[in-house]
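Quick mapping for you: the protein sequence lines, in order, are chains A and B. My numbering numbers the first residue of the first sequence as 4 and each following residue consecutively. My numbering numbers the first residue of the second sequence as 209 and each following residue consecutively. We put the beta carbon where it would ideally sit given N, CA and C, even for glycine.
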Amino acid sequence: MSASLLAQVLANGLLLGGLYAAVAAGFSLVWGVLNVVNMLHGSAIVLGSYAAWFASARFGVNPFLSAIVVGPAIGLLGWAVQRFVIQRVITAPVLITLVLTFALDLILNNGMINAFSADYRKVPPVTGAILTFGPIGLPLDRVLAAVAGVVVTLAVHAYLNNSRLGRAIVAVRMDRETSMLMGVKVEHIYAVTFGLGLALAGIAGCLMAVVFPISPLNSSGYLGIAFVACVLGGLGSIVGAIVGGIVLGVVESFGAIFVGPEYSVTVAAVLLIAMLLLRPQGLLGRAGYE
Amino acid sequence: MKTLSSSPWIGPVLALAGGAILAFGLPVLVGDQAYLLRLATQLALLVTLAIAWNLVGGFTGYPSFATAAFFGLGAYAIAVAQQAGWPAWSGFLLAAVLSALLAAPFGFAILRLRGHYFAIASLMLVTILKEVTTGWSDLTGGGMGINLPGAGGNPTAIATVALETMVILAAAALALSMIVAKGRLGFGLACIRMNETAAMGAGIDAPRLKTIAFTLSAAICGLAGATYARWIGYIDPSDVYDVMWSVRPIIAALIGGVGTVFGPVVGSIVYIAFEELMWRNLLTFGTGALGVLIALLVLLLPAGIIPGILRRRAS
Numbered sequence: 004m005s006a007s008l009l010a011q012v013l014a015n016g017l018l019l020g021g022l023y024a025a026v027a028a029g030f031s032l033v034w035g036v037l038n039v040v041n042m043l044h045g046s047a048i049v050l051g052s053y054a055a056w057f058a059s060a061r062f063g064v065n066p067f068l069s070a071i072v073v074g075p076a077i078g079l080l081g082w083a084v085q086r087f088v089i090q091r092v093i094t095a096p097v098l099i100t101l102v103l104t105f106a107l108d109l110i111l112n113n114g115m116i117n118a119f120s121a122d123y124r125k126v127p128p129v130t131g132a133i134l135t136f137g138p139i140g141l142p143l144d145r146v147l148a149a150v151a152g153v154v155v156t157l158a159v160h161a162y163l164n165n166s167r168l169g170r171a172i173v174a175v176r177m178d179r180e181t182s183m184l185m186g187v188k189v190e191h192i193y194a195v196t197f198g199l200g201l202a203l204a205g206i207a208g209c210l211m212a213v214v215f216p217i218s219p220l221n222s223s224g225y226l227g228i229a230f231v232a233c234v235l236g237g238l239g240s241i242v243g244a245i246v247g248g249i250v251l252g253v254v255e256s257f258g259a260i261f262v263g264p265e266y267s268v269t270v271a272a273v274l275l276i277a278m279l280l281l282r283p284q285g286l287l288g289r290a291g292y293e
Numbered sequence: 209m210k211t212l213s214s215s216p217w218i219g220p221v222l223a224l225a226g227g228a229i230l231a232f233g234l235p236v237l238v239g240d241q242a243y244l245l246r247l248a249t250q251l252a253l254l255v256t257l258a259i260a261w262n263l264v265g266g267f268t269g270y271p272s273f274a275t276a277a278f279f280g281l282g283a284y285a286i287a288v289a290q291q292a293g294w295p296a297w298s299g300f301l302l303a304a305v306l307s308a309l310l311a312a313p314f315g316f317a318i319l320r321l322r323g324h325y326f327a328i329a330s331l332m333l334v335t336i337l338k339e340v341t342t343g344w345s346d347l348t349g350g351g352m353g354i355n356l357p358g359a360g361g362n363p364t365a366i367a368t369v370a371l372e373t374m375v376i377l378a379a380a381a382l383a384l385s386m387i388v389a390k391g392r393l394g395f396g397l398a399c400i401r402m403n404e405t406a407a408m409g410a411g412i413d414a415p416r417l418k419t420i421a422f423t424l425s426a427a428i429c430g431l432a433g434a435t436y437a438r439w440i441g442y443i444d445p446s447d448v449y450d451v452m453w454s455v456r457p458i459i460a461a462l463i464g465g466v467g468t469v470f471g472p473v474v475g476s477i478v479y480i481a482f483e484e485l486m487w488r489n490l491l492t493f494g495t496g497a498l499g500v501l502i503a504l505l506v507l508l509l510p511a512g513i514i515p516g517i518l519r520r521r522a523s
């Protein structure tokens, strides 16, 4: 295999990884802070993609701009879902919260299939330009989407580390009981965190819409990406989601060449199970634990 | 009388006898009404899978999503065996043995994980088997699916045999579940569910018991898959490896009561009744309505019907 092809595959993987970082970040945050595996995450991303498609088809706004509105809107929805539904069983065993978010996912996904049908839709290219670096060609839209994915994820990381509310979220992630004793309203933090997680999902959806066709059938695939990237990077860690997303993107990209694109999920799944067994704390370790 | 009712074997024997009566009585009652035959077979299938899941998810407390993996593996095992001209009984044997052979090492490895991590790892097995089955098209027919030769003929006869097989399998699973629940294995599993570290400290070989439960469960799922494949006559990866085969038994067990012996049976009846009503009246929002039911169930009756009744009687 030639060096230029390898470089192209690596570049594709990195671009994919930037998007995957955004897909995984919100999921990882919710899992780390609430100890809830949010099965709704994939459908929330698809909802964001549809919102971006709608903004583009109806108002001619490109997904990068509509993300600014779509993210907070879906975040608000997430806040309400956590505050009024999930909060009621937040202390129940793993199986209960898993099944509840799965049920919410069925409702949202079925609703979207009814509203938009399962047909694939596509947002028209934003720039359509192709950047060339020697033998490597990269569509500018993909580069912008990947960069935006990483930037948004890093912005959330900075917010968690520097704002008062962000510190409270991290405190709850580290030690729920102690943060309660320190006067943190854990219920409030849970709702805000879930909202933040779904806002990230909405933004990720807008960015995915730039690159990939949109369909409700994508939601389980997105959920799988979030799972794998999250476990790879380390649970609850935002930087871990970036690392995990990029590793997954590169592995998938090379897997498609060496094993065949039809086994892409198997490659990711084997990677995931190996990771769970050998290094369950993730590549970076679990931030704020132990 | 006291010694009889306290014997650990009376329940399983009754379950098997009841199963045999149902298996050969139902077809006489139902006759050739295709709809009722299908509904009864679906119910028996769900009861079987829910009981199998309950061994791991209920008794042991490990939320497994691998049901669909072993279900699909069993279905493909018998389909490939029949393509090769093997008799039906050896196809069933192959389905059970393959599922158990895969489940033992895989279960031993991933049962070290707890909570969400175990759930995800078990779910991944479904994805892996689905892609491998699709990719290995020489053997499995790939995405085009595979026919079961000899499945042709009178549809009522096929449906009747499927119902009989499925009911007997469900009864056998129930009997096995009773034996496990009353025996040393069930006691060990209950200790693991309540506090695994303490159970290990008390000398319970947790990894071994968990693996046994997971393997038993997988073998039952494999047999259910094989019965399903012979019933349907044509299978493809997106059908038999559908995640809903993992999820529906969990919901059924949740409705009835996770970790109880009869919870999966009661829950399956309620679930199938609801599903039929929904599909008939809310065709386009069937899945969504199912989601609403599950959400309400989890919020209002998290312990399930049987523990709910027991608690009411106790208070």
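Cutoff 8 Å; reference residue 464 of chain B; Cβ partners in own chain excluding five residues on either side: Here the set comprises 258, 470, 471, 472, 473, 474, 475, 476, 478, 512, 513, 514.
Take residue 370 of chain B and list the residues in its own chain whose beta-carbon comes closer than 6 Å to its own, dropping the five residues that flank it on each side. Cβ neighbours of residue 370 of chain B within its own chain (closer than 6 Å, five residues either side excluded): 249, 439.
Would residue 291 of chain A pass as an interface residue toward chain B - the criterion being a Cβ-Cβ separation below 8 Å? Any reading at residue 291 of chain A needs caution, since the residue's pLDDT is 40, under 50, leaving its predicted position unreliable; the model's value is listed next. The beta-carbon of residue 291 of chain A is placed no less than 8 Å from the nearest beta-carbon of chain B.
Going by C-alpha to C-alpha distance, which of B/506, B/497, B/430, B/415 sits closest to residue 101 of chain A? Selected option, being the one with the closest Cα: B/506.
Could you say which of A/159, A/251, A/246 lies nearest to residue 206 of chain A if we only look at CA atoms? Considering only alpha carbons, the answer is A/159.
Could you tell me how far apart the beta carbons of residue 233 of chain A and residue 34 of chain A are, in whole angstroms, since I believe they sit closer than 8 Å? Confirmed, Cβ separation roughly 6 Å.
Do you know offhand how far residue 266 of chain B's Cα is from residue 466 of chain B's? Using only the alpha carbons, I get a separation of about 5 Å.
Would residue 209 of chain B count as contacting chain A if we go by Cβ distances under 8 Å? Below a pLDDT of 50, predicted positions are generally treated as unreliable, and residue 209 of chain B, at 44, falls in that range; no measurement from the model is reported.
Member of A/152, A/47, A/244 whose CA lies at the smallest distance from the CA of residue 109 of chain A: Here the closest residue by C-alpha is A/47.
By the criterion of Cβ-Cβ separation under 8 Å, what are the contact partners of residue 97 of chain A in chain B? 271, 323, 324, 327, listed in chain order.
Along the beta strand (DSSP E) that carries residue 368 of chain B, what are the first and last residues, could you check? Unbroken run through residue 368 of chain B is the alpha helix (DSSP H), 363 to 390; no beta strand (DSSP E).
Here's the rule: buried if 16 or more other CB atoms are within 10 angstroms of the residue's CB, otherwise exposed. What is residue 221 of chain A? With 16 or more Cβ atoms within 10 Å of its Cβ, residue 221 of chain A is classed as buried.
Listed by chain order, chain B residues near residue 91 of chain A by CB distance under 8 Å: Here the neighbours are 507.
Residue 517 of chain B and residue 230 of chain A - do their beta-carbons sit closer together than 8 Å? Cβ distance not < 8 Å, so residue 230 of chain A and residue 517 of chain B don't count as in contact.
Checking the sheet assignment: what are the DSSP bridge partners for residue 68 of chain A? For residue 68 of chain A, which the question treats as bridged, DSSP gives no partner whatsoever.
With a threshold of 8 Å between beta carbons, is residue 469 of chain B in contact with chain A? It does not: the Cβ of residue 469 of chain B has no partner Cβ on chain A nearer than 8 Å.
Mapping DSSP to helix, strand and coil, what is residue 94 of chain A? Residue 94 of chain A carries a coil assignment under DSSP once its states are collapsed to helix, strand and coil.
Are at least three pairs of beta-carbons, each pair with one atom in the region 328 to 347 of chain B and one in the region 280 to 289 of chain B, less than 8 Å apart? Remark: three or more beta-carbon pairs, one from each stretch, lie closer than 8 Å, so the region 328 to 347 of chain B and the region 280 to 289 of chain B are flagged as touching.
Identify whether residue 86 of chain A lies in helix, strand or coil by the three-state DSSP scheme. In the structure shown, residue 86 of chain A sits in a helix (DSSP, three-state: H, G or I).
CA nearest to the CA of residue 107 of chain A, picked from B/437, B/510, B/501: Looking from the CA of residue 107 of chain A, the closest CA among B/437, B/510, B/501 belongs to B/501.
Identify each residue in the region 488 to 519 of chain B for which the Cβ-Cβ distance to at least one residue of chain A is less than 7 Å, and report them in chain order. So the list reads 492, 493, 495, 496, 498, 499, 500, 502, 503, 506, 507, 510, given in the order they occur along the chain.
Pairwise C-alpha distance: residue 278 of chain B and residue 374 of chain B: Near 16 Å, if we compare the C-alpha coordinates of residue 278 of chain B and residue 374 of chain B.
Of the listed residues B/292, B/498, B/405, B/312, nearest to residue 357 of chain B (C-alpha basis): Per the C-alpha coordinates, the member of B/292, B/498, B/405, B/312 positioned closest to residue 357 of chain B is B/292.
Return the CA-CA distance between residue 424 of chain B and residue 481 of chain B, expressed in angstroms with no decimal places. Going from the Cα of residue 424 of chain B to the Cα of residue 481 of chain B covers about 28 Å.
Would you mind working out which of A/210, A/272, A/255, A/274 sits nearest residue 56 of chain A, comparing C-alpha positions? With distances taken between Cα atoms, residue 56 of chain A lies closest to A/210.
Nearest by alpha-carbon distance to residue 8 of chain A: which of A/38, A/115, A/139 is it? Closest by alpha carbon: A/139.
Closer than 8 Å, CB to CB, is residue 388 of chain B near chain A or not? No, its Cβ sits nowhere closer than 8 Å to a Cβ of chain A.
Is the CB-CB distance between residue 276 of chain B and residue 451 of chain B below 8 Å? Result yes, Cβ atoms of residue 276 of chain B and residue 451 of chain B sit closer than 8 Å.
Check the DSSP bridge columns for residue 249 of chain A and list the partner residues they point to. Its beta-bridge partners do not exist; DSSP assigns none.
Report yes if the CB atom of residue 255 of chain B is closer than 8 Å to the CB atom of residue 389 of chain B, and no otherwise. With respect to the 8 Å criterion, residue 255 of chain B and residue 389 of chain B are not classified as neighbours on the basis of their beta carbons.
Sequence-distant residues of the same chain with beta carbon closer than 7 Å to residue 257 of chain A, five excluded per side: In chain order, 12, 16 place their CB closer than 7 Å to the CB of residue 257 of chain A, counting only its own chain and leaving out the 5 sequence neighbours on each side.
Which residues, in order along the region 17 to 51 of chain A, keep a beta-carbon less than 9 Å from a beta-carbon of chain B? Answer set for the region 17 to 51 of chain A: 34, 38, 39, 40.
Quick one: is residue 269 of chain A near chain B, going by C-beta distance under 8 Å? Yes, residue 269 of chain A lies at the interface with chain B (some Cβ there is under 8 Å from its Cβ).
Between which two residues does the beta strand (DSSP E) holding residue 267 of chain B run? Residue 267 of chain B -> no beta strand (DSSP E), and no H or E assigned at all.
For chain B, is any of its Cβ atoms less than 8 Å away from the one on residue 15 of chain A? It does not: the Cβ of residue 15 of chain A has no partner Cβ on chain B nearer than 8 Å.
Just the chain B side, please: which residues come within less than 8 Å of residue 220 of chain A by C-beta, in chain order? Within 8 Å Cβ-Cβ: nothing; residue 220 of chain A doesn't reach chain B, min ~11 Å.
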